[in-house]
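The block underneath contains the structure these notes are about, expressed in structure tokens.
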Amino acid sequence: MDNIREYEIKPDEEVIKSPKERVNLTGVYALIYFVVLVAIVSIGTMYLSKLGYMTSTKMVPFTISDTAQVTPLGELPVKKGSTTEPVDVSMYQTPDARIIETGKQLFASNCASCHGETGQGNGPAGASLNPPPRNFTSLDNWKNGYTIEGMYKTLMEGIPNTGMASFSNLPPKQRLDLISYVRTFNPQFPPITSADLQQLDATYHLSEGEKQPNQIPVSMAMDKLLEENKPVNTEIKDAIGKIENDNSAGAELLRRVSNDIAKTVTALFNDKSWASSEGTFVAFVSTNPLQKGFRAHVDDFTAEEWTTLYAYLRSVINNNVQVEENNGQEKQTTQNQVQPK
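Have a look at this one:
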């Protein structure tokens, strides 16, 4: 009995708490829950009361309210190519007031909407751009550098995957005027040296004048391309029709070796060098055959089959090309050329 008493649990060592203690713990938990709930409600109320203010002070991105009001750009006018006036780059080592004023006007009409009137990158049209427009008052993280050549490169090419477009449409002198004004936003821009200007001129040939190509509207260019290709397209269509209705040995060989007759005929019309000799024809077909509509097993042809196929294609596709031997060499002349008598 004495041993059993040693293992009896004493009243003050009871694991199970009394009902009174359980009530006390429940009250503590309820109080904590109430405090947290009051805190959440208070924070939510404060947020809602400030919501109107936060919305009113937030910058609204520049948007167009009605795209129907935007006048579509017309086609480019017909313009004869020319060479721009040569630029004396030495004037831009220390630009005068006239250059700065011209650059200021160019900046206002071309750049301020994104970069802001003071060049800090806070223009209304740039609010929704990512990455944001360049801040010209800072010298950090310039894509092409802040030298005069780096700025000129940016104006010429733009910066891909950003809102910075190319301004290659501006004459070289206006680009340099614009750069000169941009440099006034930050006195920490390094001075322009004569070596900088010589390097700029060597890269872009500004002192020689910039050549501007001829310019025509897209619609006119498309019409010209269609007109130029119309005879060829007609010949291709006629050749395909003739092959499809032909049961000769040559036609059967072509159908056997081609998995796309239209693609094959087009390739043969686009490059008629194959017609100069049978050996040239074999090399033409065997080089990248899949790209020309031929099957991969063209190398399985016998010499006789190559001869038959070559003669057939010469008669169908290349019947407007005459191959003449001249001093052991072959030359091509089209039927449209005037032949010497």
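The opening residue of the sequence shown carries number 3 in the working numbering; numbering runs sequentially from there. A virtual CB, placed ideally from N, CA and C, is assigned to each residue, including glycine. As the structure is a computational prediction, the values presented were derived from the model and not from experiment.
Once DSSP output is grouped into helix, strand and coil, what is the label at residue i?
i    : result
S111 : helix
K213 : strand
F283 : helix
K244 : helix
S84  : strand
F296 : strand
S44  : helix
Please tell me whether residue i and residue j are closer than 8 Å, where the distance is taken between their beta carbons.
i    : j    : result
L180 : G105 : yes
Q190 : S84  : no
F187 : T120 : yes
V80  : P219 : yes
Y312 : S250 : no
I242 : V267 : yes
T282 : S275 : yes
I344 : D198 : Any property of residue 344 remains undetermined from this structure, which presents the chain solely from 3 to 343.
L256 : I238 : no
G46  : C116 : no
Residues in the same chain with beta-carbon distance under 8 Å from residue i, minus the five sequence neighbours each way, listed in chain order, please.
i    : result
P134 : G123 and G128
N132 : none
By the 10 Å Cβ neighbour count, where 16 or more other Cβ atoms means buried, how is residue i classified, buried or exposed?
i    : result
S111 : exposed
L227 : exposed
M153 : buried
Y183 : buried
G118 : buried
Y35  : exposed
A277 : buried
L108 : buried
I42  : exposed
A305 : exposed
Residues in the same chain with beta-carbon distance under 7 Å from residue i, minus the five sequence neighbours each way, listed in chain order, please.
i    : result
A298 : P291 and L292
Y148 : L141 and F191
Can you list, in chain order, the residues of its chain whose CB lies under 6 Å from that of residue i, leaving out five sequence neighbours each side?
i    : result
L178 : Y94
L208 : V89, V91 and P174
D262 : G295
Item checked: Length at least 3, wholly inside the region 154-240: the beta strand (DSSP E) runs in chain order -> none
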